[in-house]
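Engineer: In this note's numbering, the protein residues as written are 44 to 307.
Virtual Cβ for every residue (Gly too), placed ideally from N, Cα, C.
Just passing along the structure, written as structure tokens.
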Ligand SMILES: C[S@@+](CC[C@H](N)C(=O)[O-])C[C@H]1O[C@@H](n2cnc3c(N)ncnc32)[C@H](O)[C@@H]1O
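The structure is reproduced here in structure tokens:
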């Protein structure tokens, strides 16, 4: 779970420890707490009040790397159900502008409910992120892209995703990243993230964005334990500084999979 500083009371940490046995604070992010699997953190009054958001520990990494600041304008291009929108709002203290977009009308209601519950002051829109057009550009853009979700597949004991699915999604993911390149301020930053392992959806998408847009890879500032990116896969070399890419797998946090690239 992630403590939501917009709603958490001053004595949050103590109340959490009273409510749950064996709560452990994450060592790379003081707002993240680990609970034993048997606990049901979605069933408490603290949760209902929005004092925390239930999520995988790895899911807190992209916003950590985006590092949004109070006063900045931020676009969350693929936002539902809103975990990262809520994290962005908490990081900026709701000072600034936050637009949370998702192309799925069905998923938009969960985004709105979660934003309401966690007190995230986000304007929600329902557009295809590839065609998103705003009046202004944004200081920060998060592209938490739809992906084959190999992290979840691992947990369910399933194998790798079908490479054809990965390649189809990679075209969509690239278009979303290309839109982000248009939507970000010249001095701003974009974070691209997925929860899959496939290099087709990760390094290859970032490689193409560096080649075909004005985005450049930047060094991420994060304390999360991670591997760096791949320099090539199945005979395809990537022309990027793989040391600047972040790959978190279950062996790092005993949590999910996350891939992140910070581009400026
Ligand atoms: C990985 S999920 C996002 C999770 C979310 N960022 C969070 O932290 O709760 C990817 C989202 O992308 C949305 N999506 C898929 N295609 C899209 C598109 N073309 N434009 C915008 N959103 C899209 C999906 O509906 C889905 O909600």
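1. Among all the DSSP beta bridges, which residues are the ones paired with residue 237?
2. For the putative contact between residue 167 and residue 143, defined by C-beta atoms under 8 Å, what is the C-beta separation to the nearest angstrom?
3. Could you have a look at residue 232 and say whether DSSP puts it in helix, strand or coil?
4. Three-state secondary structure (DSSP) at residue 156?
5. Checking the sheet assignment: what are the DSSP bridge partners for residue 95?
6. Whose C-beta lies closer than 6 Å to the C-beta of residue 276 among residues of the same chain, with five residues either side of it excluded?
7. Using a Cβ-Cβ cut-off of 6 Å (strictly less than) and excluding sequence neighbours within five positions of residue 75, which residues of its own chain qualify?
8. Is residue 83 a contact residue of ligand 1, with contact defined as CB to any heavy atom under 7 Å?
9. Please list the terminal residues of the continuous beta strand (DSSP E) segment that includes residue 140.
10. Let me make sure I understand the geometry here. Which of 245, 150, 64, 173 has the alpha-carbon closest to that of residue 291?
11. Ignore the nearest five residues each way along the sequence and tell me which others in residue 208's own chain have a CB closer than 6 Å to its CB.
12. Suppose you measure from the CA of residue 120 to the CA of residue 299; what does that come to, to the nearest Å?
13. Are the C-beta atoms of residue 295 and some chain B residue less than 8 Å apart?
14. Under the rule that 16 or more other beta-carbon atoms within 10 Å means buried, what is residue 172, buried or exposed?
15. Counting only the same chain and skipping the five closest in sequence on each side, list residues whose C-beta sits under 7 Å from that of residue 226.
16. Here's a check: name, in chain order, each residue in its chain whose Cβ is nearer than 6 Å to the Cβ of residue 60, leaving out the five neighbours to either side.
17. Does the beta carbon of residue 101 fall short of 7 Å from some heavy atom of ligand 1?
18. If you drop the 5 nearest sequence neighbours on each side, which residues of the same chain put their C-beta closer than 7 Å to that of residue 50?
19. Report whether the distance from the Cβ of residue 146 to the nearest heavy atom of ligand 1 is below 7 Å.
20. What do you get for residue 148, buried or exposed, if any count of 16 or more other CB atoms within 10 angstroms of its CB means buried?
21. Among 195, 47, 229, which has the Cα closest to the Cα of residue 256?
22. From this set, 251, 306, 53, which residue's C-alpha is nearest residue 280's C-alpha?
23. Can you tell me whether residue 157 is buried or exposed, with buried defined as 16 or more other CB within 10 angstroms of its CB?
Structural biologist: Quick look at the numbers:
1. Under DSSP, the beta-bridge partners assigned to residue 237 are 302.
2. Residue 167 to residue 143, Cβ: 5 Å. Contact.
3. Note: residue 232 maps to strand in three-state DSSP.
4. Annotated three-state conformation of residue 156 is helix, per DSSP.
5. DSSP lists 46 as the bridge partner or partners of residue 95.
6. Excluding sequence neighbours, residue 276 sits near 242.
7. For residue 75, where only same-chain residues beyond five positions count, the Cβ hits under 6 Å are 45, 69, 100, 103.
8. The nearest non-hydrogen atom of ligand 1 is 7 Å or more from the C-beta of residue 83.
9. Segment 140-144, the beta strand (DSSP E) holding residue 140.
10. Nearest in C-alpha terms to residue 291, of all of 245, 150, 64, 173, is 245.
11. By the criterion of a C-beta distance shorter than 6 Å, residue 208 is surrounded in its chain by 191, once the five residues flanking it on both sides are discounted.
12. Cα-Cα distance, rounded: 21 Å.
13. Among the protein chains of the structure shown there is no chain B, as only one such chain exists.
14. So residue 172 counts as buried.
15. Only 118, 175, 177, 180, 181, 184 meet the Cβ criterion.
16. Cβ within range, chain order: 66.
17. Checking every heavy atom of ligand 1 against the Cβ of residue 101, none is found closer than 7 Å.
18. If we look at residue 50 and ignore the five residues flanking it on each side, its Cβ neighbours are 92, 93, 94, 161, 162.
19. Yes, the Cβ of residue 146 comes within 7 Å of a heavy atom of ligand 1.
20. Classification of residue 148: exposed, given that the 10 Å Cβ count is below 16.
21. Closest option to residue 256, Cα to Cα, is 229.
22. Ranking 251, 306, 53 by Cα distance to residue 280 puts 251 first.
23. So residue 157 ends up on the buried side.
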